[in-house]
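Participant: All the letters of the sequence shown, read from the start, carry residue numbers 2 to 156 under our numbering.
Even glycine gets a Cβ: it sits at the ideal position worked out from N, Cα and C.
Have a look at this one before I ask anything.
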Amino acid sequence: LEEVLSMTGRLPFWHALLTEGLPREPLLGYGFMRISYGEYFQSVHTYAAQMAHNTFIQVLMNLGLVGFAIVMLQLGFTIRAFGQAPSPQLRLLGVGLLIPILINSFTEFGIFGMTNYGILFYQFLICFGSLRFHALLTPREQQWLLRRRPELAVA
2 LEEVLSMTGR LPFWHALLTE GLPREPLLGY GFMRISYGEY FQSVHTYAAQ MAHNTFIQVL
62 MNLGLVGFAI VMLQLGFTIR AFGQAPSPQL RLLGVGLLIP ILINSFTEFG IFGMTNYGIL
122 FYQFLICFGS LRFHALLTPR EQQWLLRRRP ELAVA
């Protein structure tokens, strides 16, 4: 039961990463796909591992506080884009797609990884959130349309 409550040993490992690993390289982290300068991070109180099993802690260890701030800004802008979607269906779709990614990110290294396609899905969400449909044409677009398709001109 204790193993289940500690998420199979992840909670002590995360604590060790944040208290022992992060203070060594707080600003820029250890580099891409690294949580330590050795092949594994190992603390006195935890097991040895190559990744954090938490996307947010992994980003913090890889990119430091600077990279973590950039990732949090990106996540905030993505959530804001879905919150400002023109229809309630698009807002619900955004929430429905983003919640599983966030849940997975808390327990696994979900957005990056060698065989994990989560980053492509997250990029799809960013693209989807940035799309906007504008029913009205700008004056420049109207001129272009008039030159290319004069039969569509409105009197």
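According to DSSP, is PHE33 helix, strand or coil?
Facilitator: Here PHE33 sits in coil by DSSP.
Participant: Would you say HIS54 and ARG11 are within 8 Å of each other, going by their C-beta atoms?
Facilitator: Cβ atoms of HIS54 and ARG11: closer than 8 Å.
Participant: First and last residue of the alpha helix (DSSP H) that includes HIS16?
Facilitator: Start and end: 11 to 17.
Participant: If we count the other Cβ atoms within 10 Å of its Cβ and call it buried at 16 or more, is TYR38 buried or exposed?
Facilitator: TYR38 comes out exposed.
Participant: Taking only three categories from DSSP, how would you classify ALA50?
Facilitator: Looking at ALA50 - three-state DSSP - the assignment turns out to be strand.
Participant: Please report how far the alpha carbon of MET34 lies from the alpha carbon of CYS128, in whole angstroms.
Facilitator: Straight-line Cα distance between these residues: approximately 25 Å.
Participant: CB-CB under 6 Å to THR64, same chain, minus the five flanking residues each way: which ones, in chain order?
Facilitator: It should be noted that the sequence gives Leu, not Thr, for residue 64. Counting only Cβ-Cβ distances below 6 Å, and skipping sequence neighbours, we find GLY30.
Participant: Could you give the distance in angstroms between the alpha-carbon of THR47 and the alpha-carbon of GLN85?
Facilitator: Taking the straight line from one Cα to the other gives about 43 Å.
Participant: Given a cut-off of 8 Å on the beta-carbon distance, is the pair PHE57 and SER106 in contact?
Facilitator: Cβ distance < 8 Å, so PHE57 and SER106 count as in contact.
Participant: Which one of ALA50, GLY32, LEU76 and LEU28 has the shortest CA to CA distance from PHE14?
Facilitator: Taking only the C-alpha atoms, the option nearest PHE14 is ALA50.
Participant: For GLN143, which residues from the same chain have a beta carbon less than 8 Å from its beta carbon, with the 5 sequence-adjacent residues on both sides left out?
Facilitator: No residues qualify anywhere along the chain.
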